[in-house]
Amino acid sequence: MSAPPPTGPLVTRDTLAAGLRPLGVESGETLLVHSSLSSLGWVNGGAVAVVQALLDVLGPSGTLVVPTQTGDQSDPAVWGNPPVPAEWWDRIRATMPPYDPLITPSLGVGVVPETVRTWPGALRSAHPQTSFAALGPRAREITDGHATDCRLGERSPLARLEKLGARVLLLGAGYHACTAFHLAEYRIPAPRVDVGRPAPGGGWETVVEVSITSDRFDELGHDYERDRPVVRGTVGAADVRLFPLADAVAYAERWLPLHRPRAEDFSHPHS
């Protein structure tokens, strides 16, 4: 039985660029992109065409940044999708290949970030679980110095992007994917958690980190969009949002303490 024909629309490198420019994506700017390739329609060239279109619009003086997270570089004891047998845990910890920014694939962030990560000239930050990759003249400034005990805080690319006046582009992705909101979690009282992962030289290590969660980020984004200037539009079939990263972080710093219990209270939602 043959597959049904695609529903479209037909999207190309040129139509993507032509859709992004009127939304206000500017040549020379620094842009953190969260994307869903499938939301765009039928893209001729797939993720490669999307990256080419973004680079076309940003131009040679612009910098493209994407999350290249690797959530599988973590303790098998906390895996739930799917879980693995408890009798495997020690062996997994002992033999998991350590993070290598050049070869460790991203996981769960889509095919566009993986395409950027492997693009000629791309640079990637050093955190073994929450790295970012960047292309363009500011790539090194953004990705250098990502502290390995600071997933998404002051010593991560998010804080660099904030200082550089970067904007966030949600290209078919929802606010639940907006990593910028996590920077706010580092600026409000938050519990600390032990995070296990393979050590750089082999073996296993545990670091103490700020507890982060994207719980209720969709609600946060809804309120942010209601209260603050967010550019909205469509590119192909995808809903698109464009806004300043620093503004989103500042809003989240005020919203999270009011609307979301601290992570340590999640087991007692009525307390």
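Numbering follows the numbering used here, in which position 159 of the sequence shown is assigned residue number 147; successive positions increment by one, without gaps.
Note that the Cβ used here is the ideal one computed from N, Cα and C, for glycine as well.
Note that this is a predicted model, so its numbers are computed, not measured.
Among the options, the one whose alpha carbon lies nearest that of residue i
i       : options                           : result
Cys166  : Leu230, Gly12, Leu4 and Ser26     : Leu230
Leu152  : Gly16, Arg242 and His210          : Gly16
Asp206  : Gly189, Ala178, Leu246 and Tyr163 : Tyr163
Ala226  : Arg9, Thr3 and Ser24              : Ser24
Gly221  : Val100, Leu157, Asp44 and Gln40   : Leu157
Pro(-7) : Ala5, Gly29, Arg204 and Ile80     : Gly29
Gly191  : Thr51, Pro101 and Gln61           : Gln61
Ala114  : Ile130, Trp107, Leu123 and Ala240 : Ile130
Gly(-4) : Leu52, Leu146, Asn32 and Pro232   : Asn32
For residue i: DSSP bridge partner residues
i       : result
Arg180  : Val198
Trp192  : Pro186
Pro(-7) : None, per the DSSP bridge assignment.
Asp227  : Thr222
Trp77   : Answer is none; Trp77 lacks a bridge partner.
Pro245  : DSSP lists no partner for Pro245.
Trp30   : Leu(-2)
Residue i burial status per 10 Å Cβ neighbour count (16 or more: buried)
i       : result
Leu(-2) : exposed
Gly98   : buried
Pro179  : exposed
Phe254  : Reliability fails at Phe254, whose pLDDT of 39 lies under 50, so the model's placement of it is uncertain and the value that follows must be treated cautiously. Exposed: under 16 other Cβ atoms inside 10 Å.
Ile91   : exposed
Pro257  : Low local confidence applies: a pLDDT of 33 at Pro257 is under 50, so the model's placement there is unreliable, and no value is given.
His210  : exposed
Arg185  : buried
Leu42   : buried
His247  : exposed
Trp243  : buried
Met84   : buried
Thr112  : Contrary to the premise, residue 112 reads as Arg rather than Thr in this sequence. Arg112 should be labelled buried.
Pro116  : buried
Glu142  : exposed
Glu75   : exposed
Thr103  : buried
Proximity of residue i and residue j at Cβ, strictly below 9 Å
i      : j      : result
Leu159 : Ser27  : yes
Val218 : Tyr212 : yes
Arg1   : Ala35  : no
Val223 : Gly7   : yes
Arg105 : Ala127 : no
Val195 : Thr136 : yes
Tyr87  : Leu140 : no
Gly56  : Ser144 : Checking the displayed sequence, the identity of residue 56 turns out to be Thr instead of Gly. Against a cut-off of 9 Å, the Cβ pair of Ser144 and Thr56 comes out as no contact.
Val100 : Ala168 : no
Any C-beta of chain B under 9 Å from that of residue i
i    : result
Thr0 : No chain B appears in the structure shown, which is made up of a single protein chain.
**Study point:** Length at least 3, wholly inside the segment 98 to 130: the beta strand (DSSP E) runs in chain order
**Key:** Those beta strand (DSSP E) runs which fall completely within the segment 98 to 130 and span 3+ residues are 120 to 123.
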